[in-house]
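Chemist:
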Amino acid sequence: MVCAGSPDVKWVHEIDLPTKVITGSGALAKLPELLGSFGYRVLALLTGPTVGSTIGKRVVNTLSSYDFEVNTCTVGASDARTVNEVIAFVREVGAQLVVAVGGGRVIDVAKYAAYQSGLRFVSVPTAVSHDGIASPAVSLKDVNGYPISKFTKPPLAVVADIDVIAQAPHRLLASGFGDIVGKFTSVRDAILAKKIKGEYVGDYSLALAKMSAAMVAEHAEAIAKREPEGVSVLVEAAISCGVAMAIAGSSRPCSGSEHNFSHALDLVYPDKKSLHGEQVGVGTIMMAYLHGLNWRRVQRLLQIVGAPTNCEELGVPPEAIIKALVTAHRVRGRYTILGESGLSESAAWRLARITQVIL
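Take any residue in the sequence shown, note its place counting from 1, add 13, and you have its number in this note's numbering.
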């Protein structure tokens with residue numbers, strides 16, 4: 014028999030997952046009961062400037078009627094300054110739990126602010142613009158505007174009402190689709206790193222990430238039409254990606270060369286208006302080509318949901334695409350299909366033109 018604390022215990026893998034996930038039509042009505050079951054009464058509720066006047070207000074009124082003390086804070090950015098302001102707010106009101114009602118930006122800020130404050134948070138997504146609604150991973154910008162990634166804790170619970178999410182701007186749904194389709198190449202990058210560098214990522218987490226991409230691909234038309242089944246698949250795929258990251262203990266299964274390209278684009282062209290998932294989608298087209306995958310299928314899937322597939326649709330000049338491709342390998346310390354030396358400028362131009370990212 015091996016007892017806890019025994020020197021015979023050589024390897025322990027601890028996985029932190031959401032305790033409950035509630036999704037479906039009308040799921041938002043379950044929020045008061047869920048929060049009550051956790052025993053917390055003092056809440057810091059974060060929401061965005063647009064959502065705050067609609068869904069956010071509705072949630073505040075509902076929770077207040079159940080005798081929760083709801084302290085609201087509007088989040089307008091996902092940067093270090095905003096996080097520090099939210100941390101101060103959370104401490105000032107004596108919050109016991111952080112609740113995020115909004116899109117990816119609000120959820121990322123809530124996730125990191127709660128983690129830094131020693132609190133848990135509940136994710137109530139009003140859109141699925143990326144895969145972070147249930148993950149431990151956070152994407153922020155530092156004081157200099159440089160993109161940074163942090164690994165924290167996943168939400169205590171997720172409440173995803175597909176009626177609410179289906180009403181989000183179509184662009185946000187398409188962006189979320191692009192981020193999840195990116196798992197086709199991120200999984201390949203993880204497998205490559207295992208072969209070349211001996212990096213370990215569990216097969217189960219990779220299988221979950223790959224399955225998420227396959228499911229949204231299969232339901233692309235339903236997602237494009239905002240059909241309940243399609244929106245449900247998109248939500249469940251995003252949640253599965255979060256679970257994959259929690260199991261892996263890093264974002265590795267869900268973030269590879271396609272994400273490196275997106276982060277590099279953030280740096281080389283900070284004035285862009287494109288969304289993270291849109292950039293990842295375009296990056297996936299190119300990285301699929303490098304991996305020998307069917308890049309035309311990725312392109313077609315993005316077209317079905319109305320996501321950008323080239324620099325013009327992305328609103329980014331060709332020169333920025335090339336610069337991002339050439340520098341992408343330096344963004345993070347992970348081995349990907351881009352290798353250790355990256356792409357030359359001529360190779361980047363050839364790649365972008367072959368895949369029709371630059372027309």
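From the three backbone atoms N, C-alpha and C, an ideal C-beta is built for every residue, glycine too.
1. Out of 147, 116, 156 and 104, which one is the CA nearest neighbour of residue 93?
2. Jot down the residue ranges of each uninterrupted alpha helix (DSSP H) in the region 247-299, minimum 4 residues, whole runs only, in chain order.
3. So within the region 39-69, which uninterrupted alpha helix (DSSP H) runs reach at least 4 residues, ignoring any that extend past its ends?
4. Exposed or buried, residue 89, counting other C-beta atoms within 10 Å across all chains shown (16 or more means buried)?
5. To which residues of the same chain is residue 274 closer than 6 Å at the C-beta, ignoring the five residues directly before and after it?
6. Roughly how many whole angstroms lie between the Cα atoms of residue 207 and residue 213?
7. Per the contact definition of three or more C-beta pairs closer than 8 Å, is the region 187-204 in contact with the region 265-274?
8. Please state whether the Cβ-Cβ distance between residue 109 and residue 71 is less than 8 Å.
9. Rounded to the nearest angstrom, what separates residue 119 and residue 30 at their Cα positions?
10. Can we say the region 227-238 touches the region 159-176, given the rule of at least three CB pairs closer than 8 Å?
11. Are there 16 or more other CB atoms within 10 angstroms of the CB of residue 279, so buried, or fewer, so exposed?
12. Going by DSSP, which residues form a beta bridge with residue 160?
13. In this structure, does DSSP put residue 367 in helix, strand or coil?
14. Report yes or no: is there a C-beta of chain D within less than 8 Å of the C-beta of residue 298?
15. Can the beta-carbon of residue 194 be found closer than 8 Å to that of residue 68?
16. Alpha carbon to alpha carbon, what distance is there between residue 189 and residue 16?
17. Please report the straight-line C-alpha distance between residue 285 and residue 294, rounded to a whole angstrom.
18. So, does the region 345-361 touch the region 312-330, judging by three or more C-beta pairs under 8 Å?
19. Taking the alpha-carbon positions, what's the residue 132 to residue 111 distance?
20. Going by other Cβ atoms of all chains shown within 10 Å of its Cβ, with 16 needed for buried, is residue 14 buried or exposed?
21. Which class does residue 170 belong to by DSSP, given the choice of helix, strand or coil?
22. Would you check if the distance between the CB atom of residue 173 and the CB atom of residue 248 is smaller than 8 Å?
23. How big is the Cα-Cα spacing for residue 283 and residue 36?
24. DSSP on residue 138, reduced to helix/strand/coil?
25. Who are the near neighbours of residue 237 in its chain, counting only those whose CB is closer than 6 Å to its CB and skipping five residues on each side?
26. Going by other Cβ atoms of all chains shown within 10 Å of its Cβ, with 16 needed for buried, is residue 77 buried or exposed?
27. Compute the Euclidean distance between the alpha carbons of residue 240 and residue 24, then round it to the nearest angstrom.
Modeler: The relevant details are as follows:
1. Out of 147, 116, 156 and 104, 156 has the C-alpha closest to the C-alpha of residue 93.
2. Qualifying alpha helix (DSSP H) stretches, in chain order: 270-281.
3. Qualifying alpha helix (DSSP H) stretches, in chain order: 44-51.
4. Under this definition residue 89 is an exposed residue.
5. Closer than 6 Å at the Cβ level, and outside the excluded window around residue 274, lie 296, 337 and 341.
6. Residue 213 has its alpha-carbon roughly 6 Å from the corresponding atom of residue 207.
7. As far as the Cβ criterion goes, the region 265-274 touches the region 187-204, which means the pair count is three or higher.
8. The Cβ atoms of residue 109 and residue 71 lie no closer than 8 Å to each other.
9. A straight-line Cα-Cα distance of about 20 Å links residue 119 and residue 30.
10. Contact annotation: the region 227-238 does not touch the region 159-176, with fewer than three C-beta pairs closer than 8 Å.
11. The Cβ neighbour count for residue 279, taken over all protein chains shown within 10 Å, is at least 16; the residue is labelled buried.
12. Partner(s): 154.
13. The answer is helix: DSSP assigns residue 367 an H, G or I state.
14. Annotation note: the requested chain D is absent from the structure, which comprises a single protein chain.
15. Contact flag unset, no.
16. At residue 16 the pLDDT is 47, less than 50, meaning the model places this residue with poor confidence and gives no usable figure here.
17. Rounded to the nearest angstrom, the gap between the Cα atoms of residue 285 and residue 294 is 16 Å.
18. Contact between the region 345-361 and the region 312-330 is absent, because fewer than three Cβ pairs lie under 8 Å.
19. For the pair residue 132 and residue 111, the Cα-to-Cα distance works out to about 7 Å.
20. Only weak support exists for where residue 14 lies, its pLDDT of 39 falling under 50; the coordinates are left without a value.
21. In the three-state reduction of the DSSP assignment, residue 170 falls in the strand class.
22. Result yes, Cβ atoms of residue 173 and residue 248 sit closer than 8 Å.
23. Their backbone Cα atoms lie some 35 Å apart in a straight line.
24. In this structure, residue 138 counts as strand in the three-state DSSP scheme.
25. For residue 237, where only same-chain residues beyond five positions count, the Cβ hits under 6 Å are 317 and 318.
26. Its Cβ having fewer than 16 others within 10 Å, residue 77 is exposed.
27. When rounded, the separation of the alpha-carbon atoms in residue 240 and residue 24 is 45 Å.
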